[in-house]
Ligand SMILES: [Zn+2]
């Protein structure tokens with residue numbers, strides 16, 4: 010029997026071990042890309058940066074934007090899809106450019122954390138900081154339990170779940186909180202590095218007025234190996250309709266309760282939605298790994314280890330975080346590359362088929 014072609018051989022090339030190797034490969038591949046290309050870097054410090062690469066004409070009306078590392082540690086998954094695309098770069102459709110944003114949160118990528126160096130979860134950070142910070146009363150109720158040993162934490166969480174239900178529990182833990190800087194899903198008290206970098210990138214490449222297909226790549230939530238396309242545009246808006254049109258019935262919507270994700274404050278999406286009043290759309294491509302209980306335990310253990318400044322515990326946690334957000338399993342990694350290719354194709358098709 011003939012073995013069907015697989016993407017397994019791409020895995021060592023597309024999934025380097027560290028932030029540094031991913032960044033080198035990204036810049037190396039960028040250097041080999043035929044012009045017209047532009048690169049633009051948003052440094053965090055002298056070792057870490059968000060890197061961007063624009064391929065295609067400056068004046069392109071349509072732009073596919075692929076983002077990796079909004080949640081640092083998940084960056085290896087997003088970078089894998091970016092590297093795979095760079096290694097097999099197709100000729101772009103007319104009037105179309107590709108913008109790759111690598112490691113929006115480089116600190117988290119380097120340290121195997123979701124949050125950045127200020128404890129900020131970038132995907133809760135896009136709020137109006139001139140207004141009072143949003144409240145999360147559910148988080149207040151569980152905040153002390155977050156740092157308890159795992160067994161005691163589980164007991165306390167079980168009481169909360171019994172009282173308020175599963176959805177309320179998920180919102181309490183992961184909906185976003187603005188009161189505990191050491192805690193999980195902390196939205197910050199000012200724009201973080203990735204937020205400022207996003208502003209610079211939008212301005213640098215003159216994105217307002219262009220037609221954008223943005224895909225922000227994440228991992229760690231949902232069924233193992235499944236790539237869920239999550240749309241956080243409000244139902245009834247142009248962006249919501251565009252996402253359904255381009256990506257089809259597979260698209261899920263937290264606002265309608267069809268997603269693995271719940272509605273959240275301060276998503277990166279909301280910044281890009283402002284560029285998509287009449288056309289274009291933003292989707293999150295979320296790759297599932299292990300259970301939601303394991304997700305919460307892994308992330309909460311990580312926050313407890315960093316809060317306590319225990320280097321043995323942070324090292325152990327780094328390994329658990331890496332495995333949760335980017336499993337070693339070659340079959341899982343192959344699914345990521347396959348789905349990544351499909352979504353990129355759908356985005357290019359969408360940008361070009363109903364061109365105005
Ligand atoms: Zn994520």
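In our numbering, the protein residues as written are 10 to 365.
Don't be surprised by glycine CBs; every beta carbon is placed ideally from N, CA and C.
Predicted model only: the values in this text are computed from it and were never measured.
Any non-hydrogen atom of ligand 1 closer than 7 Å to residue i Cβ
i: residue 242; result: no
i: residue 203; result: no
i: residue 298; result: no
i: residue 79; result: yes
i: residue 132; result: yes
i: residue 26; result: no
i: residue 229; result: yes
i: residue 175; result: no
i: residue 83; result: yes
Counterpart residues of residue i in DSSP-defined beta bridges
i: residue 186; result: 195
i: residue 5; result: The question about residue 5 has no answer here: the residues shown for the chain are numbered 10 through 365.
i: residue 73; result: 107 and 222
i: residue 49; result: 61
i: residue 227; result: 295
Near ligand 3: residue i beta-carbon under 7 Å from a heavy atom
i: residue 284; result: Here the bound small molecules are ligand 1; ligand 3 is not part of this structure.
Any C-beta of chain B under 8 Å from that of residue i
i: residue 176; result: No chain B is present in this structure, which holds just one protein chain.
Query raised in the report: Does the count of Cβ pairs from the stretch 253 to 272 and the stretch 154 to 166 closer than 8 Å reach three?
Result: Not touching, per the Cβ criterion.
Query - Whole runs of the beta strand (DSSP E) within the stretch 262 to 340, excluding any shorter than 3 residues - result: Runs of the beta strand (DSSP E) inside the stretch 262 to 340: 290 to 296.
Requested in this report: For the stretch 168 to 188 and the stretch 267 to 277, state whether three or more C-beta atom pairs, one from each stretch, are separated by less than 8 Å.
Outcome: Yes, the stretch 168 to 188 touches the stretch 267 to 277.
Query raised in the report: Is the number of C-beta pairs between the stretch 98 to 107 and the stretch 58 to 77 that are closer than 8 Å three or more?
Result: With the cut-off at 8 Å, the stretch 98 to 107 and the stretch 58 to 77 touch.
Query raised in the report: So, do the stretch 111 to 119 and the stretch 196 to 205 have three or more beta carbon pairs nearer to each other than 8 Å?
Result: Yes, since at least three Cβ pairs between the stretch 111 to 119 and the stretch 196 to 205 fall closer than 8 Å, the two stretches touch.
**Report entry** Touch test, the stretch 323 to 341 against the stretch 352 to 362, Cβ-Cβ under 8 Å, three pairs minimum
**Finding:** Using a C-beta cut-off of 8 Å, the stretch 323 to 341 makes no contact with the stretch 352 to 362, since fewer than three inter-stretch Cβ pairs fall below that distance.
Query raised in the report: Any chance the stretch 15 to 33 sits against the stretch 84 to 91, with 3 or more Cβ pairs inside 8 Å?
Result: Under the three-pair Cβ rule at 8 Å, the stretch 15 to 33 counts as touching the stretch 84 to 91.
Query raised in the report: Just checking, does the stretch 211 to 226 make contact with the stretch 285 to 304 on the three C-beta pairs under 8 Å criterion?
Result: Three or more beta-carbon pairs drawn from the stretch 211 to 226 and the stretch 285 to 304 are found closer than 8 Å, and the two stretches are therefore classed as touching.
Report task. Assess, as a yes-or-no matter, whether the stretch 118 to 137 is touched by the stretch 151 to 165 under the definition of 3 or more beta carbon pairs within less than 8 Å. Result -> The stretch 151 to 165 vs the stretch 118 to 137: no contact.
Requested in this report: Would you be able to state if there are at least three C-beta pairs under 8 Å between the stretch 345 to 356 and the stretch 300 to 311?
Outcome: The stretch 300 to 311 vs the stretch 345 to 356: no contact.
Query - Unbroken stretches of the alpha helix (DSSP H), 4 residues or longer, contained in the stretch 112 to 192 - result: As summarised for the stretch 112 to 192, the continuous alpha helix (DSSP H) elements at least 4 residues long and confined to that stretch are 115 to 120, 146 to 151, 159 to 173 and 175 to 183, given in chain order.
Query raised in the report: Is there contact here, the stretch 144 to 155 with the stretch 188 to 198, by at least three beta-carbon pairs under 8 Å?
Result: In short, these stretches touch, since the Cβ pair count reaches three.
Report task. Check whether the stretch 233 to 244 touches the stretch 97 to 104, taking contact to mean three or more Cβ pairs, one atom from each stretch, closer than 8 Å. Result -> Touching, no.
Query raised in the report: Three or more C-beta pairs closer than 8 Å, one from the stretch 35 to 42 and one from the stretch 314 to 330: is that the case here?
Result: Not touching, per the Cβ criterion.
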